[in-house]
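J.: Once you've had a glance at the structure underneath, I'll fire off some questions.
This is the structure:
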């Protein structure tokens, strides 16, 4: 059982380049989230999804897009990277409808992105 | 909407002493309150949680207490050890939005030898 897996783990981008971060979960979770965590800071929600084919904006969505074409995958895209997007990105998932009382969120190992 | 405030932002305690981190929430409808621990360079992981129908929950050296009237909940760590050094996050969930955790800003706990 792999849980939540993010790829890549590290990436360096030049300003203006684009990239996609992939999050995959094998726990049949309905909900998936993308967060960013800046040094010494907390978790800020970028976008989230409550089910396959759905997405919604979080606290800091500007400059990012997401897609949830398959239940197990949640993609985060940066169309034109900026230095302000240098951060650690965490994906998380939660809520299996078969076990509605279990609301624990499981996190991926993080992606360290540097934009120069 | 829900807002969660967490204090202190940094807490330094002597090894063996107790540590207490407090969170307050704004929406009385919130009914689930987890605590996550994030070690340096690692992902956040759930360490304990409490639901609104319970006042206290313990798991070995850690405990969480909930005061629904005052809308605050606290994490208690007793007999602190070096491996307790980490950032701790509290969160709250409302029943009509099971998918969205509202996070506190985090507390950096430093255990002094």
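Chains as they are written, first to last, in our numbering: chain A, 22 to 137; chain B, 66 to 178. A virtual CB, placed ideally from N, CA and C, is assigned to each residue, including glycine.
In angstroms with no decimal places, state the Cα-to-Cα distance between residue 125/B and residue 86/A.
T.: In the second chain, counting from the first residue as 1, residue 125/B sits at position 60. In the first chain, counting from the first residue as 1, residue 86/A sits at position 65. Near 42 Å, if we compare the C-alpha coordinates of residue 86/A and residue 125/B.
J.: Can residue 157/B and residue 90/B be called in contact, C-beta distance under 8 Å?
T.: Start at 1 with the first residue of the second chain, and residue 157/B comes out as number 92. Start at 1 with the first residue of the second chain, and residue 90/B comes out as number 25. Contact flag set, yes.
J.: Check whether the Cβ of residue 28/A lies closer than 8 Å to any Cβ atom in chain B.
T.: Working through the first chain from its first residue, we reach residue 28/A at position 7. Residue 28/A is outside the set of residues whose beta carbon lies under 8 Å from a beta carbon in chain B.
J.: In the DSSP assignment, what are the bridge partners of residue 89/A?
T.: Here residue 89/A is taken as the residue at index 68 of the first chain, counted from 1. DSSP, once it has assigned bridges, lists no residue as partnering residue 89/A.
J.: Give the DSSP bridge partners of residue 73/B, in chain order.
T.: Residue mapping note: residue 73/B aligns to position 8 of the second chain, counting from 1. None, per the DSSP bridge assignment.
J.: Should residue 129/B be labelled buried (16 or more other beta-carbon atoms within 10 Å of its own) or exposed?
T.: Counting from 1 along the second chain, the entry for residue 129/B is found at position 64. Classification of residue 129/B: buried, given that the 10 Å Cβ count is 16 or more.
J.: Counting only runs that start and end within the region 87-128 of chain A, where is the alpha helix (DSSP H) found for 4 or more residues in a row?
T.: none
J.: Looking at C-alpha atoms only, which residue of 85/B, 86/B, 99/B, 83/B is the closest neighbour of residue 122/A?
T.: As a position in the first chain, residue 122/A is number 101, starting the count at 1. It is 99/B.
J.: Put residue 99/B into one of helix, strand or coil per three-state DSSP.
T.: Along the second chain, one-based indexing puts residue 99/B at 34. Here residue 99/B carries a strand assignment [DSSP, helix/strand/coil].
J.: Helix, strand or coil for residue 144/B? Go by DSSP, reduced to three states.
T.: In the second chain, the residue the question calls residue 144/B occupies position 79. Judged by DSSP in its simplified three-state form, residue 144/B adopts coil rather than helix or strand.
J.: Report the CB separation of residue 36/A from residue 102/A in whole angstroms; it is logged as a contact under 8 Å.
T.: Taking the first residue of the first chain as 1, we reach residue 36/A at position 15. Taking the first residue of the first chain as 1, we reach residue 102/A at position 81. Confirmed, Cβ separation roughly 6 Å.
J.: Taking the alpha-carbon of residue 51/A as reference, which of 95/A, 38/A, 100/A has the nearest alpha-carbon?
T.: Start at 1 with the first residue of the first chain, and residue 51/A comes out as number 30. Looking at the Cα atoms, 95/A is the closest of the given residues.
J.: Return the residue from the list 114/A, 124/A, 106/A, 113/A that minimises the CA-CA distance to residue 40/A.
T.: Working through the first chain from its first residue, we reach residue 40/A at position 19. Taking each of 114/A, 124/A, 106/A, 113/A in turn and checking the Cα distance to residue 40/A, the smallest one comes out for 106/A.
J.: Listed from N- to C-terminal order along the chain, which residues in the region 67-78 of chain A have their beta-carbon within a distance smaller than 8 Å of any beta-carbon of chain B?
T.: 69, 71
J.: With H, G and I counted as helix, E and B as strand and the rest as coil, what does DSSP make of residue 82/B?
T.: Locating residue 82/B in the second chain gives position 17, where the first residue counts as 1. It is coil, neither helix nor strand.
J.: Taking the CB atoms as reference points, tell me whether residue 79/B and residue 177/B lie closer together than 8 Å.
T.: As a working note, residue 79/B is residue 14 in the second chain. As a working note, residue 177/B is residue 112 in the second chain. Cβ atoms of residue 79/B and residue 177/B: closer than 8 Å.
J.: Can you tell me which residues form a DSSP beta bridge with residue 53/A?
T.: Residue 53/A sits at position 32 when you count from the first residue of the first chain. The bridge partners DSSP lists for residue 53/A are 70/A, 114/A.
J.: Would you please verify whether the beta carbon of residue 37/A is less than 8 Å from any beta carbon of chain B?
T.: Position 16 of the first chain, counted from the start, is the residue given in the question as residue 37/A. False, the Cβ-Cβ gap to chain B never drops below 8 Å.
J.: What first and last residue would you give for the beta strand (DSSP E) that runs through residue 11/B?
T.: The shown model of chain B, from 66 to 178, leaves out residue 11/B, and the question about it has no answer.
J.: Could you tell me the distance, in whole angstroms, from the CA atom of residue 30/A to the CA atom of residue 134/B?
T.: The sequence position of residue 30/A within the first chain is 9, counting from 1. The sequence position of residue 134/B within the second chain is 69, counting from 1. Per the coordinates, the alpha-carbon of residue 30/A lies some 43 Å from the alpha-carbon of residue 134/B.
J.: When the distance is taken between beta carbons, is residue 48/A closer than 8 Å to residue 108/A?
T.: To locate residue 108/A, count along the first chain from 1; it is residue 87. To locate residue 48/A, count along the first chain from 1; it is residue 27. Contact: no.
J.: Let's see if you can read the secondary structure: which residues bound the beta strand (DSSP E) around residue 158/B?
T.: Here residue 158/B corresponds to residue number 93 of the second chain, with the count starting at 1. Segment: none, residue 158/B is in no beta strand (DSSP E) and carries neither H nor E.
J.: Need the endpoints of the beta strand (DSSP E) that residue 27/A sits in, please.
T.: On the first chain, position 6 is the one that residue 27/A refers to. Residue 27/A -> beta strand (DSSP E) spans 25-28.
J.: Near residue 169/B, what residues of its chain come up, given a Cβ to Cβ distance below 8 Å and the 5 sequence neighbours on each side ignored?
T.: Within the second chain, numbered from 1, the residue matching residue 169/B stands at position 104. Contacts found: 69, 70, 71, 88, 154, 155, 156.
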